[in-house]
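Novice: In the working numbering, the protein residues as written are 17 to 296.
Quick reminder that beta carbons are idealized off the backbone N, C-alpha and C, glycines included.
Just so you know, these numbers come straight off a predicted model, no measurement behind them.
Here it is, the structure in full.
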């Protein structure tokens with residue numbers, strides 16, 4: 017069974033980063049098929065607008081918006097109008113552990129960020145420097161300069177993410193529980209779907225897990241688990257040669273009919289209709 021296409025950083029650059037820029041005078045090439053990257057993406061819009069799809073949620077970005085895409089998230093670039101923007105891809109090994117934790121928290125509510133005027137100007141200046149040096153990459157010394165400039169771009173984005181995180185109304189302990197729960201869920205969602213099992217692994221009660229998940233996401237733990245199962249199903253349906261029954265089995269469902277009902281209840285359409293919508 018085919019898997020969702022993965023775009024690898026190693027195939028795009030020998031320095032662990034790559035850069036794309038959009039200007040109104042040049043057409044933007046859409047990447048309309050959902051795919052995954054094994055690297056982080058940081059994009060900033062200076063002017064115009066564009067529509068992107070991240071894990072099958074569409075977002076319209078305008079001037080001052082910043083978006084982050086994590087490795088493994090399905091995404092596509094759908095359209096642009098008079099777009100002026102920069103996009104940085106960074107190999108996951110170049111993103112430090114503390115920054116990864118910040119981005120993981122951002123992913124709990126992955127909406128575009130608004131950067132302030134200072135950050136917007138700083139990002140523009142850094143991308144300009146990065147673009148100049150990226151075009152002249154030769155030896156290891158020049159590659160290191162490019163990596164450090166890319167790190168500076170990421171640092172400004174991380175500042176904006178941290179500022180947004182401080183505006184969260186939820187208690188910090190709930191966010192920490194949610195992050196740990198999500199990590200366990202991503203590793204075990206194909207095998208374990210019981211909130212009680214995850215609560216036990218986190219050494220908390222099931223009601224307390226529900227309380228934390230609901231405070232951060234607005235969903236019960238059970239509903240959040242379902243949403244993650246359906247998200248993975250969407251990723252597989254979007255680019256697979258297997259039948260719905262095979263995908264159900266891949267996700268640990270022995271009963272395809274039950275899987276289809278669960279998918280339809282969560283996604284608002286059957287697996288077959290979802291596939292037709294995204295594959296044509």
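Can you list, in chain order, the residues of its chain whose CB lies under 7 Å from that of residue 13, leaving out five sequence neighbours each side?
Specialist: This structure cannot speak to residue 13, because the chain is shown only from 17 to 296.
Novice: Expressed to the nearest angstrom, what Euclidean distance is found between the alpha-carbon atoms of residue 135 and residue 104?
Specialist: Taking the chain shown and counting its residues from 1, the one referred to as residue 135 is at position 119. Taking the chain shown and counting its residues from 1, the one referred to as residue 104 is at position 88. Distance between the alpha carbons of residue 135 and residue 104: 16 Å.
Novice: Quick one: what's got a C-beta closer than 6 Å to residue 291's C-beta in the same chain, skipping five residues either side?
Specialist: Taking the first residue of the chain shown as position 1, residue 291 is located at position 275. Result list for residue 291: 253, in chain order.
Novice: Assign residue 61 to one of three DSSP states: helix, strand, or coil.
Specialist: If you number the chain shown from 1, residue 61 lands on position 45. Here residue 61 sits in strand by DSSP.
Novice: How many angstroms separate the CA atom of residue 272 from the CA atom of residue 262?
Specialist: As a first step, residue 272 is located in the chain shown; it is residue number 256 there, counting from the start. As a first step, residue 262 is located in the chain shown; it is residue number 246 there, counting from the start. Each residue's alpha carbon lies about 8 Å from the other.
Novice: In its own chain, which residues sit with a C-beta less than 8 Å from the C-beta of residue 235, not counting the 5 before and 5 after it?
Specialist: The residue labelled residue 235 in the question sits at position 219 within the chain shown. Cβ within range, chain order: 229 and 243.
Novice: Could you tell me which residues DSSP pairs with residue 74 in its beta bridges?
Specialist: Here residue 74 corresponds to residue number 58 of the chain shown, with the count starting at 1. 69.
Novice: Run through DSSP, which three-state label would residue 135 get?
Specialist: Numbered from 1 along the chain shown, position 119 holds the residue referred to as residue 135. Three-state DSSP puts residue 135 in a helix.
Novice: Per DSSP, what kind of secondary structure is residue 202 in: helix, strand or coil?
Specialist: By one-based count along the chain shown, residue 202 stands at place 186. Helix.
Novice: When you compare each of 206, 239 and 213 to residue 283 by their alpha carbons, which one comes out closest?
Specialist: Here residue 283 corresponds to residue number 267 of the chain shown, with the count starting at 1. Answer by Cα proximity: 239.
Novice: If I measure Cβ to Cβ from residue 70 and keep anything under 8 Å in the same chain, skipping five residues before and after, which residues do I get?
Specialist: The residue given as residue 70 occupies position 54 in the chain shown. Correct list, in chain order: 83, 85, 89, 90, 91 and 126.
Novice: In the structure shown, what three-state DSSP assignment does residue 291 receive?
Specialist: Here the question's residue 291 lines up with position 275 in the chain shown. Correct three-state label for residue 291: helix.
Novice: Between which two residues does the beta strand (DSSP E) containing residue 253 stretch?
Specialist: Within the chain shown, the letter at position 237 stands for residue 253. Looking at the DSSP string, residue 253 is not in any beta strand (DSSP E); the run it does join, the alpha helix (DSSP H), is 237-254.
Novice: Quick one: Cα of residue 26 to Cα of residue 36, how far?
Specialist: Locating residue 26 in the chain shown gives position 10, where the first residue counts as 1. Locating residue 36 in the chain shown gives position 20, where the first residue counts as 1. With a pLDDT of only 49 at residue 26, under the threshold of 50, the placement of this residue in the model should not be trusted, and no figure is reported.
Novice: Who does residue 82 pair with in a DSSP beta bridge?
Specialist: Numbered from 1 along the chain shown, position 66 holds the residue referred to as residue 82. 60 and 129.
Novice: Who are the near neighbours of residue 143 in its chain, counting only those whose CB is closer than 6 Å to its CB and skipping five residues on each side?
Specialist: Here residue 143 refers to the residue found at position 127 of the chain shown. Closer than 6 Å at Cβ, skipping near neighbours: 102.
Novice: Note down the Cα distance separating residue 287 from residue 205, rounded to an integer number of angstroms.
Specialist: The residue labelled residue 287 in the question sits at position 271 within the chain shown. The residue labelled residue 205 in the question sits at position 189 within the chain shown. If I take the Cα positions, the gap works out to 19 Å.
Novice: Could you pull out every residue in the same chain whose Cβ sits closer than 8 Å to the Cβ of residue 266, ignoring the five residues on either side in sequence?
Specialist: Counted from its first residue, the chain shown places residue 266 at position 250. Taken in chain order, the residues that qualify are 17, 206, 252 and 258.
Novice: Hey, would you say residue 115 sits closer than 8 Å to residue 33, going by beta carbons?
Specialist: Here residue 115 corresponds to residue number 99 of the chain shown, with the count starting at 1. Here residue 33 corresponds to residue number 17 of the chain shown, with the count starting at 1. Cβ atoms of residue 115 and residue 33: not closer than 8 Å.
Novice: Give me, in chain order, the residues of the same chain whose beta-carbon lies closer than 7 Å to that of residue 195; leave out the 5 immediate sequence neighbours on both sides.
Specialist: Mapped onto the chain shown, residue 195 falls at position 179. Cβ within range, chain order: 120 and 121.
Novice: From the DSSP output, read off the bridge partner residues of residue 106.
Specialist: Start at 1 with the first residue of the chain shown, and residue 106 comes out as number 90. For residue 106, DSSP records a beta bridge to 33 and 56.
Novice: For residue 213, which of 237, 232, 191 and 227 has the nearest alpha-carbon?
Specialist: Indexing the chain shown from 1 puts residue 213 at position 197. It is 237 whose Cα lies nearest to the Cα of residue 213.
Novice: With DSSP as the reference, label residue 100 as helix, strand or coil.
Specialist: Walking along the chain shown from the start, residue 100 turns up at place 84. It is a strand residue.
Novice: Would you give the residue range spanned by the alpha helix (DSSP H) that residue 122 belongs to?
Specialist: Here residue 122 corresponds to residue number 106 of the chain shown, with the count starting at 1. Its alpha helix (DSSP H) spans residues 113-122.
Novice: Note the first and the last residue of the continuous alpha helix (DSSP H) segment covering residue 225.
Specialist: The residue given as residue 225 occupies position 209 in the chain shown. From DSSP, the alpha helix (DSSP H) with residue 225 extends over 222-233.
Novice: Rounded C-beta distance between residue 100 and residue 75? I'm assuming under 8 Å.
Specialist: Within the chain shown, numbered from 1, the residue matching residue 100 stands at position 84. Within the chain shown, numbered from 1, the residue matching residue 75 stands at position 59. Their Cβ separation, rounded to whole angstroms, is 17 Å, which puts residue 100 and residue 75 out of contact at 8 Å.
Novice: Within 10 angstroms of its Cβ, does residue 182 collect 16 or more other Cβ (buried), or is it exposed?
Specialist: Numbered from its first residue, the chain shown carries residue 182 at position 166. Classification of residue 182: exposed, given that the 10 Å Cβ count is below 16.
Novice: Whole angstroms is fine: what's the gap from residue 54's alpha carbon to residue 219's?
Specialist: By 1-based counting over the chain shown, the position of residue 54 is 38. By 1-based counting over the chain shown, the position of residue 219 is 203. Going by the C-alpha atoms only, they are around 32 Å apart.
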